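Residue numbers (the numbering used here), protein chains in the order written: chain V, 83 to 199; chain Z, 346 to 457.
Reviewing the structure listed below.
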Amino acid sequence: AQSVAQPEDQVNVAEGNPLTVKCTYSVSGNPYLFWYVQYPNRGLQFLLKYITGDNLVKGSYGFEAEFNKSQTSFHLKKPSALVSDSALYFCAVRLPFYGGATNKLIFGTGTLLAVQP
Amino acid sequence: DGGITQSPKYLFRKEGQNVTLSCEQNLNHDAMYWYRQDPGQGLRLIYYSQIVNDFQKGDIAEGYSVSREKKESFPLTVTSAQKNPTAFYLCASSLAEGNTIYFGEGSWLTVV
């Protein structure tokens, strides 16, 4: 079955330290991968995506993600965390040519990032 | 401002009542989507539409209905057949051939 896994419900990190939010996927073919962030009571904001090319993708607010095909992972990273980064983060995969809806996304269950001052 | 507007932000439904959530976009996007968000379950696709007057069921369409009479509008009706409608509902849109889906601010629906 096609799926996306975020193995950590919550990640705690001190402000100024590097952060990593993990994501692995199980999809046939070459998927497109996305990260979104959600602040309380708000919609999802797009952070970055991997389509093809360089395995290291840079996105908004200083975030980046590394695509690793052999490990089927797409972990989100930031060199120095801010308290304002505290939010819910979702990894998503777009299935290639799924039923004609080429933009259908499958989401992970989300990881709550808590950055302590 | 360009974007996706959902209304109302908060809605209360009585048992046996149908309610409609509005979604309007001025991004000139061809495709529109409705997702449902429940704690610990991520987002699940309810319905999607790639062009006007056409829409497809997602993974959890039972108890919901949609229409797509205009390119910019994709309202979602939560019918009385939906037994557990309390959730956060997110509308989204994208270019037909683009890869990124953009979301509105969401609507809370609560059964009272």
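All C-beta atoms in this analysis are idealised placements derived from N, C-alpha and C, irrespective of residue type, glycine included.
In this text the structure is predicted, and so the values were computed from the model without any measurement.
Check: In this structure, what does DSSP give as the bridge partners for residue 402 of chain Z?
Finding: Z:392
Checklist line | Helix, strand or coil at residue 165 of chain V according to DSSP, with G and I counted as helix | finding: helix
Next item on the list: Check whether the Cβ atoms of residue 196 of chain V and residue 99 of chain V sit closer than 7 Å, and answer yes or no.
Entry: Cβ distance not < 7 Å, so residue 196 of chain V and residue 99 of chain V don't count as in contact.
Next item on the list: Identify each residue in the segment 425 to 457 of chain Z for which the Cβ-Cβ distance to at least one residue of chain V is less than 9 Å, and report them in chain order.
Entry: 433, 435, 436, 437, 439, 440, 441, 442, 443, 444, 445, 446, 447, 448, 449, 450, 451, 453
Next item on the list: Compare the C-beta of residue 388 of chain Z against all C-beta atoms of chain V and say whether one is closer than 7 Å.
Entry: yes
Margin query: Please report the distance separating the alpha-carbon of residue 389 of chain Z from that of residue 161 of chain V.
Written below: 31 Å
Next item on the list: Indicate whether at least one CB of chain Z lies closer than 7 Å to the CB of residue 149 of chain V.
Entry: Not a single CB atom of chain Z sits nearer than 7 Å to the CB of residue 149 of chain V.
Check: Rounded to a whole number of angstroms, what is the C-alpha to C-alpha distance between residue 364 of chain Z and residue 378 of chain Z?
Finding: 18 Å
Next item on the list: Run through the segment 92 to 163 of chain V for me and flag every whole beta strand (DSSP E) of 3 or more residues, listed as ranges in chain order.
Entry: With a minimum length of 3 residues, the unbroken runs of beta strand (DSSP E) contained wholly in the segment 92 to 163 of chain V fall at 92 to 96, 101 to 103, 106 to 108, 114 to 120, 126 to 132, 138 to 140, 146 to 150, 155 to 160.
Next item on the list: Give a yes or no on whether 7 Å exceeds the smallest Cβ distance from residue 158 of chain V to chain Z.
Entry: no
Check: Touch check for the segment 446 to 456 of chain Z and the segment 393 to 401 of chain Z: three-plus C-beta pairs under 8 Å?
Finding: no
Note to self: Give me the subset of the segment 383 to 410 of chain Z whose CB atoms are less than 7 Å from a CB atom of chain V, sorted by chain position.
What the structure shows: 385, 386, 387, 388, 390, 393, 395, 401
Notebook entry, point to check: Grouping DSSP H, G and I as helix and E and B as strand, with all else coil, what is residue 376 of chain Z?
Noted result: strand
Notebook entry, point to check: Which of helix, strand or coil does DSSP assign to residue 180 of chain V?
Noted result: With a pLDDT of 49 at residue 180 of chain V, under the threshold of 50, the predicted position of this residue should be treated as unreliable, though the coordinate-derived value follows. Correct three-state label for residue 180 of chain V: coil.
Notebook entry, point to check: So, does the CB of residue 191 of chain V fall closer than 7 Å to a CB anywhere in chain Z?
Noted result: In terms of beta-carbon proximity, residue 191 of chain V lines the interface with chain Z, with at least one pair separated by less than 7 Å.
Checklist line | Integer-rounded CB distance, given that residue 357 of chain Z should sit under 8 Å from residue 457 of chain Z | finding: 5 Å
Next item on the list: Assign residue 196 of chain V to one of three DSSP states: helix, strand, or coil.
Entry: DSSP places residue 196 of chain V in strand when its eight states are reduced to three.
Item checked: Nearest candidate by alpha-carbon position, reference residue 404 of chain Z, set Z:411, Z:410, Z:413, Z:392 -> Z:392
Notebook entry, point to check: Which residues in the same chain have their Cβ closer than 8 Å to the Cβ of residue 167 of chain V, if we skip the five residues on either side of it in sequence?
Noted result: 101, 143, 160, 195, 197
Item checked: Buried or exposed by the 16-neighbour rule on C-beta atoms within 10 Å, applied to residue 409 of chain Z -> buried
Next item on the list: Anything in the segment 120 to 139 of chain V with a Cβ closer than 8 Å to a Cβ of chain Z? List those residues in chain order, please.
Entry: So the close ones are 123, 124, 125, 126, 127, 128, 131, 133.
Next item on the list: Determine, using beta-carbon pairs with one atom in the segment 112 to 127 of chain V and one in the segment 167 to 177 of chain V, whether at least three such pairs fall under 8 Å.
Entry: yes
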